[in-house]
Amino acid sequence: AEQLRSMIVTRFTDSIGKSNLPVESYAAQLNDLSDYVLTVIGPEFLKYGIEVTKFLVENISMPEEIKKEIFELSRLNAIDINKLAQLKAAKAIELAAANESGTAGAGMGMGMGFAMANQMGQAFSGNMQQQAPPAQAGQATPPPVPPALAFHVVINGQQAGPYNLNELSQLATNKQLTTDTLVWKAGMANWQAAGEVNELKNIFNQVPPPIPGV
Numbered sequence: 001a002e003q004l005r006s007m008i009v010t011r012f013t014d015s016i017g018k019s020n021l022p023v024e025s026y027a028a029q030l031n032d033l034s035d036y037v038l039t040v041i042g043p044e045f046l047k048y049g050i051e052v053t054k055f056l057v058e059n060i061s062m063p064e065e066i067k068k069e070i071f072e073l074s075r076l077n078a079i080d081i082n083k084l085a086q087l088k089a090a091k092a093i094e095l096a097a098a099n100e101s102g103t104a105g106a107g108m109g110m111g112m113g114f115a116m117a118n119q120m121g122q123a124f125s126g127n128m129q130q131q132a133p134p135a136q137a138g139q140a141t142p143p144p145v146p147p148a149l150a151f152h153v154v155i156n157g158q159q160a161g162p163y164n165l166n167e168l169s170q171l172a173t174n175k176q177l178t179t180d181t182l183v184w185k186a187g188m189a190n191w192q193a194a195g196e197v198n199e200l201k202n203i204f205n206q207v208p209p210p211i212p213g214v
């Protein structure tokens with residue numbers, strides 16, 4: 001009897017691994033799972049003169065704490081978190097099987113736990129390999145910081161500067177820079193009135209106009 005039990009456990013484990021049934025569909029396909037296992041263990045029993053006409057997998061369940069953990073994991077917005085939850089469940093089932101009462105029940109539970117863990121471990125590993133981004137050859141170097149705008153200004157007939165935008169804004173506030181003041185920066189062909197330079201127009205929009213009647 002013990003030899004037959006061991007044979008059932010071994011063949012059942014092999015059958016689970018070769019059935020190609022995803023673990024999440026086990027509970028919904030107990031009949032298909034039972035029929036498939038029967039096709040595997042039936043010929044083995046015939047060698048001992050025993051004909052197995054029916055093999056039933058009655059129930060597949062997980063402890064409540066494992067169900068809760070899978071539920072919590074499934075709520076996370078993470079890549080392949082479902083695969084991780086399945087793998088953890090398989091490990092828990094494997095441990096729980098060791099505590100089942102009865103030699104046959106313990107062996108069957110452990111066999112199923114090992115098969116589920118192996119199946120889900122392969123699915124988890126394969127899916128992670130597909131999802132993993134390709135390794136980068138090297139860290140990309142950021143582009144150089146563009147140079148700050150700087151203008152030369154004609155003040156009282158003399159060239160002054162260069163000044164950055166903050167300094168030019170202060171000159172405009174002090175009336176040393178007006179829309180008619182000539183300015184020049186690198187890249188410009190000639191001196192140009194400040195009011196005609198696009199980069200400086202915003203400066204003059206911030207300067208209040210003259211007080212009427214003053």
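Per my numbering, the very first residue in the sequence shown carries number 1; after that it's consecutive. Every residue gets a Cβ at the ideal spot worked out from N, C-alpha and C, and that includes glycine.
**Message:** Tell me the DSSP secondary structure of residue 200 in three-state form.
**Reply:** Walking along the sequence shown from the start, residue 200 turns up at place 200. Of the three classes helix, strand and coil, the one that applies to residue 200 here is helix, per DSSP.
**Request:** Round the Cβ separation of residue 154 and residue 200 to the nearest angstrom and send it over; I've been treating them as touching at under 8 Å.
**Result:** Numbered from its first residue, the sequence shown carries residue 154 at position 154. Numbered from its first residue, the sequence shown carries residue 200 at position 200. Residue 154 to residue 200, Cβ: 14 Å. No contact.
**Request:** Could you check what DSSP says for residue 36 in three-state terms: helix, strand or coil?
**Result:** As a working mapping, residue 36 is identified with position 36 in the sequence shown. Residue state, collapsed to three classes: helix.
**Request:** Please state if the CB of residue 193 and the CB of residue 173 are separated by a distance shorter than 8 Å.
**Result:** Numbered from its first residue, the sequence shown carries residue 173 at position 173. Numbered from its first residue, the sequence shown carries residue 193 at position 193. Result no, Cβ atoms of residue 173 and residue 193 do not sit closer than 8 Å.
**Request:** Report the three-state DSSP secondary structure of residue 57 (helix, strand or coil).
**Result:** Sequence index remark: in the sequence shown, residue 57 carries index 57 (1-based). When secondary structure is reduced to three states using DSSP, residue 57 falls in the coil class, being assigned neither helix nor strand.
**Request:** Starting from the Cα of residue 54, find the closest Cα among 47, 31 and 189 and give me that residue.
**Result:** In the sequence shown, counting from the first residue as 1, residue 54 sits at position 54. Nearest neighbour of residue 54 by Cα position, chosen from 47, 31 and 189, turns out to be 31.
**Outcome for residue 50 when other beta-carbon atoms lying within 10 angstroms are tallied against a minimum of 16** = Taking the sequence shown and counting its residues from 1, one reaches residue 50 at position 50. That one is exposed.
**Message:** On the criterion of 16 or more Cβ atoms from any shown chain inside 10 Å, does residue 56 qualify as buried, or is it exposed?
**Reply:** Taking the first residue of the sequence shown as 1, we reach residue 56 at position 56. Exposed: under 16 other Cβ atoms inside 10 Å.
**Message:** Can you check which of these residues, 64, 161 and 7, is closest to residue 41 by C-alpha distance?
**Reply:** Translated into positions along the sequence shown, residue 41 becomes position 41. Per the C-alpha coordinates, the member of 64, 161 and 7 positioned closest to residue 41 is 7.
**Request:** Could you name the residues that DSSP lists as bridge partners for residue 151?
**Result:** As a first step, residue 151 must be located in the sequence shown, where it is residue number 151. Bridge pairing for residue 151: 163 [DSSP].
**Message:** For residue 188 and residue 141, what's the separation of their Cα atoms in angstroms?
**Reply:** Looking up residue 188 in the sequence shown gives position 188. Looking up residue 141 in the sequence shown gives position 141. Whole-angstrom Cα-Cα distance: 31 Å.
**Request:** Helix, strand or coil for residue 158, going by three-state DSSP, please let me know.
**Result:** Mapped onto the sequence shown, residue 158 falls at position 158. Strand.
**Asked** Sorted by chain position, which residues of the same chain lie with C-beta nearer than 7 Å to residue 11's C-beta, five sequence neighbours on each side aside?
**Response** If you number the sequence shown from 1, residue 11 lands on position 11. The residues are 40, 41 and 44.
**Item:** Identified DSSP bridge partners for residue 193
**Value:** Within the sequence shown, residue 193 is the residue found at index 193, counting from 1. Beta-bridge pairing links residue 193 to 182.
**Request:** Quick one: grab the DSSP three-state call for residue 175.
**Result:** Indexing the sequence shown from 1 puts residue 175 at position 175. Note: residue 175 maps to coil in three-state DSSP.
**Prompt:** Secondary structure at residue 187, three-state DSSP: helix, strand or coil?
**Reply:** Counted from its first residue, the sequence shown places residue 187 at position 187. Of the three classes helix, strand and coil, the one that applies to residue 187 here is coil, per DSSP.
**Prompt:** How should residue 107 be labelled, buried or exposed, when 16 other C-beta atoms within 10 angstroms of its C-beta is the threshold for buried?
**Reply:** Here residue 107 is taken as the residue at index 107 of the sequence shown, counted from 1. Its pLDDT being 45, under 50, residue 107 is placed unreliably by the model, and nothing is read from it.
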